[in-house]
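Chemist: Using the UniProt record's numbering, the first residue of the sequence shown is number 1, and each one after it goes up by one. Backbone N, C-alpha and C define an ideal beta-carbon position, used for all residues, glycine too.
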Amino acid sequence: MKKFIYFLPFLLLIISCSVKQKPIFLKVDDIKLLSASTDTIRVGANAYFENPNDIGGKIATDEIKVLIDEVEVAQVSSEEFKVPARKEFHIPLKVVIPSKRVFENNKNGIFGGVLNSLINQRLKIHFKGDLKYKVLGFSHVYPIDKVENVKIKF
Numbered sequence: 001m002k003k004f005i006y007f008l009p010f011l012l013l014i015i016s017c018s019v020k021q022k023p024i025f026l027k028v029d030d031i032k033l034l035s036a037s038t039d040t041i042r043v044g045a046n047a048y049f050e051n052p053n054d055i056g057g058k059i060a061t062d063e064i065k066v067l068i069d070e071v072e073v074a075q076v077s078s079e080e081f082k083v084p085a086r087k088e089f090h091i092p093l094k095v096v097i098p099s100k101r102v103f104e105n106n107k108n109g110i111f112g113g114v115l116n117s118l119i120n121q122r123l124k125i126h127f128k129g130d131l132k133y134k135v136l137g138f139s140h141v142y143p144i145d146k147v148e149n150v151k152i153k154f
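(1) Using CA atoms only, rank isn't needed, just tell me which of D145, K65, S99 and R122 is closest to D39.
(2) According to the neighbour-count rule (16 or more other Cβ atoms, all chains shown, within 10 Å of its Cβ), is V141 buried or exposed?
(3) If I follow the unbroken beta strand (DSSP E) through K151, where does it start and stop?
(4) Indicate the three-state DSSP secondary structure (helix, strand or coil) for K32 in the structure shown.
(5) Assuming I24 contacts P52 under a Cβ cut-off of 8 Å, what Cβ separation, rounded to an integer in Å, is found between them?
(6) Spatial neighbours of I5 within its chain, please: CB distance less than 6 Å, with the 5 preceding and 5 following residues excluded, ordered by chain position.
(7) Let me know if G57 comes out buried or exposed under the rule of 16 or more other beta-carbons within 10 Å of its beta-carbon.
(8) Rounded to the nearest angstrom, what separates V73 and K128 at their Cα positions?
(9) Looking only at C-alpha atoms, which of K65, D30 and E88 sits nearest to P143?
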């Protein structure tokens with residue numbers, strides 16, 4: 001009987017702290033140009049989620065591609081991010097793009113497009129890829145596909 005009394009609270013704890021559903025992906029927003037120099041362009045964004053579960057987990061970025069004027073110039077990959085329980089949260093996505101990658105004159109003609117963007121002081125930035133959520137052996141993939149025109153300030 002004593003073993004049952006010790007086992008019952010443990011069982012209730014496990015049942016009450018369950019993963020009822022995956023975190024809800026809300027949006028990718030706040031895409032902005034953090035800095036631009038002759039050697040690098042730094043871009044940032046936030047991926048917003050809400051976790052309805054009693055326990056947290058981890059989310060990792062997995063090869064989120066950054067495209068400028070529809071040409072891939074970089075990828076975002078980072079360490080796993082801890083997910084808080086029963087809260088809204090955001091994951092900062094930051095990428096450093098080598099300027100030479102943006103301004104090189106390749107078959108896609110990105111140089112002309114980016115030069116035009118610089119003259120107009122706008123840059124079309126596209127984040128595309130997957131975020132992976134993991135908790136207690138459960139996992140889910142969130143597709144990210146967000147395009148935004150960003151104003152360039154020098």
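Modeler: The structure says:
(1) S99
(2) exposed
(3) F138 to K151
(4) strand
(5) 7 Å
(6) none
(7) buried
(8) 12 Å
(9) K65
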